[in-house]
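S.K.: Numbering (our numbering), first residue to last: 151 to 527. Quick one: the structure is below, and I'll ask about it shortly.
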Ligand code: SAH
Ligand code: SF4
C-alpha cells in the first residue's frame, strides 16, 4: 500500500493538488485546513461537515500526525520549551516566549545544521537531516493547541501566538521547500493567520535562497551577520567563504527592494575580544551602508567546550552607542527564562537520542538564556 500523506504539512495549494489526485473536490481543502489548524483535529471521523465517503477516502490516503512530544519544560517567567522526537531519533526543539503584548514561538527547521558556525552549539553537533514540512508546522500546531486548551492567550485577545521566528535548530534556507510550505500555512488565514511581518526567517546567508524566499513569500528576514569583515566572518560563519559579505548585503538590498517598508534585522552575536570592539562597530555601520536595517546585538550564550566568551556589558553598550550614533536602531537581546533548558538552537548533544541518561541530562541543563527578542517585529 502506498504510504499515506501527512496532511499537517500541506499548504492550501498543495492540499488542493492532493485532493484532486485522490479524486476528491479541491474546494474541500479549505474545510480540511480549518479542521487541522484551527481546531487541532487529527481524526477524519470527527470532521462532521465532511461526508462519510469523503472521510473514508481521506483515511485511506492520508493521516494527520503531529510530531511526538519527548519532554516539555516551563520556566517561572512563562517561557516554555517543547522537545520533540522526530523519525530517526533526533530531538528538536521549539521555545515559546510570552511577553506583555506578544508571544513568540521559536521553531526548528533541521535536526542539527551543516553550516558549522563556530559559536553555535547546533552547528557543533553536525547535521542529521532536514525536517519535513509537517515536522516544522507540527511544532506550531502542537504549541498552539496545547496553549489554547490551557487558555493561555495574549492579553485581551484570543490569539495564542503572535510571532514565529525560525531561529531554533538548523538553517531554514538550506531546507527551503519544506520551510516554505510551513511558512505558507503560518500566514494563511485558514492556517494560523499570522501577519507576514511577524513571521521571521533567520539565515546565516544562503544568498541564492534569499532570492528564492523573496520570490515565494513576503515574510520578515533576519541575517546572522556577526562580523563586519570577510576575514573574521569566514571563521565565525564559514558559509561566508561561499557567499561573502558584499554578496550577502546585495541580496539583502534586493530583498528590501521587493516590498515597500521592508527592514532587515541584522543579528550580531557579541563575542568577547573577537568581534566586539569599537572598531568592529564602526566597520559594521560602514558595511551596512544604506541598507534598511535594524541591528540586534545578542550576548553570546556560552556552552560547554565553546572557545568563546560573552562580551562584557560595557562592551555591548559601547557597541550599541556607536551604531546608534551612526543612525542604526540597535537593540540588545535580553536574556530570560532560567531554570528550564537552553536557548534556541543551542542544545547539546541531542541530535541522536542515544541514551535515556542523555535525555535526563538534557532536562536538567540549567538554562540561563532564552532570548526574549526572538520576535523581531
Ligand atoms: N541558522 C539560522 C537560524 C538558527 S540560529 C541562523 O544562523 O540565522 C538563530 C540565531 O541564534 C542566529 O542568529 C545564530 O547566530 C544565533 N546563535 C547561535 N548560537 C549562538 C550562541 N551560542 N549564542 C548566541 N546566539 C547564538
Ligand atoms: Fe547553523 Fe545557524 Fe548555528 Fe550557523 S548559527 S551553525 S547556520 S544553526
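Beta carbons: idealized from backbone N, C-alpha and C, even for Gly.
#1: Is residue 352 near the ligand SAH - that is, is its Cβ less than 6 Å away from at least one heavy atom of it?
#2: What is the rounded straight-line gap between the Cα of residue 454 and the Cα of residue 210?
#3: Can you say whether residue 395 is buried or exposed, counting buried as having 16 or more other CB atoms within 10 angstroms of its CB?
#4: First and last residue of the alpha helix (DSSP H) that includes residue 352?
#5: Would you say residue 339 reaches chain D, if we count a Cβ-Cβ gap shorter than 7 Å as a contact?
#6: Whether or not the segment 370–379 and the segment 431–442 are in contact is what I'm after, with contact meaning three or more pairs of Cβ atoms, one per stretch, closer than 8 Å; do they touch?
#7: Give me the DSSP bridge partner(s) of residue 569.
#8: I believe residue 339 touches residue 404 by the beta-carbon criterion, under 8 Å. Please report the beta-carbon distance rounded to the nearest angstrom.
#9: Out of curiosity, what's the CA-to-CA distance linking residue 184 and residue 287?
#10: The ligand SF4 and residue 421: does any heavy atom of the ligand fall closer than 6 Å to the residue's C-beta?
#11: Drop a sphere of 10 angstroms on the beta-carbon of residue 345, count the other beta-carbons inside from all chains shown, and report buried for 16 or more, exposed for fewer.
#12: Less than 6 Å between the CB of residue 267 and some heavy atom of the ligand SAM, yes or no?
#13: From the DSSP secondary-structure annotation, give me the bridge partner or partners of residue 200.
#14: Taking the alpha-carbon positions, what's the residue 492 to residue 152 distance?
#15: How far does the beta strand (DSSP E) with residue 219 in it reach, from first residue to last?
#16: So, do the segment 275–290 and the segment 250–267 have three or more beta carbon pairs nearer to each other than 8 Å?
#17: Going by DSSP, what residue range makes up the alpha helix (DSSP H) through residue 294?
#18: Quick one, which of 187, 311, 166 has its alpha-carbon nearest residue 179's?
#19: When burial is assigned at 16 or more other CB atoms within 10 Å of the CB, is residue 292 buried or exposed?
#20: To the nearest angstrom, report how far apart residue 171 and residue 232 are at their CA atoms.
#21: Could you tell me which residues DSSP pairs with residue 467 in its beta bridges?
#22: Using a threshold of 7 Å, state whether the C-beta atoms of residue 337 and residue 371 are closer than that.
#23: Are the segment 243–251 and the segment 310–319 touching by the rule of at least three beta carbon pairs closer than 8 Å?
#24: How would you write the range of the beta strand (DSSP E) that residue 187 sits in, first residue to last?
#25: Between residue 505 and the rest of its own chain, which residues show a CB-CB distance below 6 Å, the 5 nearest in sequence each way excluded?
#26: Quick check: what's the CA-CA separation for residue 459 versus residue 192?
#27: On the DSSP bridge list, what partners appear for residue 244?
#28: Identify which residue in 213, 247, 234, 216 has its Cα closest to the Cα of residue 226.
#29: Tell me whether residue 374 counts as near the ligand SAH, meaning its Cβ is closer than 6 Å to at least one heavy atom of that ligand.
M.R.: Taking the definition as stated:
#1: yes
#2: 48 Å
#3: buried
#4: Not the alpha helix (DSSP H): residue 352 falls in the beta strand (DSSP E), residues 349–353.
#5: Protein chain content of the structure displayed is limited to a single chain, and chain D is not contained in it.
#6: yes
#7: Residue 569 lies beyond the range of the chain shown here (151 to 527); nothing can be said about it.
#8: With 8 Å as the limit, residue 339 and residue 404 do not qualify as a contact, their Cβ atoms being about 28 Å apart.
#9: 14 Å
#10: It does not: the Cβ of residue 421 is nowhere closer than 6 Å to a heavy atom of the ligand SF4.
#11: Result: exposed.
#12: Ligands present in the displayed structure are limited to the ligand SAH and the ligand SF4, and the ligand SAM is not among them.
#13: DSSP output for residue 200 lists no bridge partner at all.
#14: At residue 492 the pLDDT is 44, less than 50, meaning the model places this residue with poor confidence and gives no usable figure here.
#15: 218–224
#16: yes
#17: 283–299 is the extent of the alpha helix (DSSP H) around residue 294.
#18: 166
#19: buried
#20: Cα to Cα, the separation comes out at about 35 Å.
#21: Per DSSP, none; premise fails for residue 467.
#22: no
#23: yes
#24: Segment: none, residue 187 is in no beta strand (DSSP E) and carries neither H nor E.
#25: Below a pLDDT of 50, predicted positions are generally treated as unreliable, and residue 505, at 32, falls in that range; the measurement from the model is reported next regardless. Its chain contains no residue whose beta carbon lies nearer than 6 Å to that of residue 505 once the 5 sequence neighbours on both sides are disregarded.
#26: 46 Å
#27: 232
#28: Per the C-alpha coordinates, the member of 213, 247, 234, 216 positioned closest to residue 226 is 247.
#29: Because some heavy atom of the ligand SAH lies under 6 Å away, the Cβ of residue 374 counts as near it: yes.
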